[in-house]
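A short worksheet on the structure shown next.
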Amino acid sequence: MLELAGVSREDLVVDLGSGDGRLVIEAARRYGARGIGVEREDYLVVRARAAAEKAEVADRVSFSQGDIFDADLRRATVVTLYLLPRLLVRLVPKLRAELAPGARVVSHDYPLDSWPAERTLEFDVPEKEAVLMSPRTQLFLYVVR
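The opening residue of the sequence shown carries number 1167 in the working numbering; numbering runs sequentially from there.
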């Protein structure tokens, strides 16, 4: 997802539904980007903060417990999403309203139906097959115009 978005050290990556924080941490560790994770579950926020300390990137990332629809996206240059379609449909107006032109959005497995993707990648992740009955993964890149 980060590679598809072309993340660099100038970026602020916001992961909505950040879980254990691995994407935000990787953005800081590998690309030198700053990152923010927004997660509903407080125990995952605690886990993400500990992982950021362990990865020695806690000075470049932050994690907050909250509703993704309340997150301030105005400073984000990259937004990453691994959310269900029913949430994505509701998020599109917020993304379009708050993100500046040139900001990139990457969605994992589910497209933003009302927004044409600039690029799509498809590949297999064998570990997914046991859970989702298919190893197929899709990534969708969108750019705010």
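Beta carbons: idealized from backbone N, C-alpha and C, even for Gly. Quick caveat, the model's predicted, so the values are computed rather than measured.
Subject >> Integer Cβ distance of F1306 from P1277, believed to fall under 8 angstroms >> reply: Contact between F1306 and P1277 holds: CB atoms are separated by about 5 angstroms, below the 8 angstroms threshold.
Subject >> Simplified DSSP assignment, three categories, for R1206 >> reply: DSSP places R1206 in coil when its eight states are reduced to three.
Subject >> Distance CB(A1194)-CB(L1168) smaller than 7 angstroms >> reply: Cβ atoms of A1194 and L1168: not closer than 7 angstroms.
Subject >> Meets three-Cβ-pair contact criterion under 8 angstroms: the stretch 1226 to 1239 and the stretch 1198 to 1208 >> reply: Contact between the stretch 1226 to 1239 and the stretch 1198 to 1208 is established, with three or more Cβ pairs separated by less than 8 angstroms.
**OP:** Give the straight-line distance between the Cα atoms of Y1209 and F1229, rounded to the nearest whole angstrom.
**Re:** When rounded, the distance between both Cα atoms is 11 angstroms.
**OP:** In the DSSP assignment, find the unbroken beta strand (DSSP E) run with L1178 in it and report its ends.
**Re:** The continuous beta strand (DSSP E) containing L1178 extends over residues L1178 to L1182.
Subject >> According to DSSP, residues forming a beta bridge with V1245 >> reply: Looking at the DSSP assignment, V1245 forms a beta bridge with V1180 and V1271.
**OP:** Starting from Y1308, follow the beta strand (DSSP E) in both directions and report where the run begins and ends.
**Re:** For Y1308, the enclosing beta strand (DSSP E) stretches over residues R1302 to V1309.
Subject >> Residues near R1311 by beta carbon distance below 8 angstroms, same chain, minus five either side >> reply: Around R1311: P1267.
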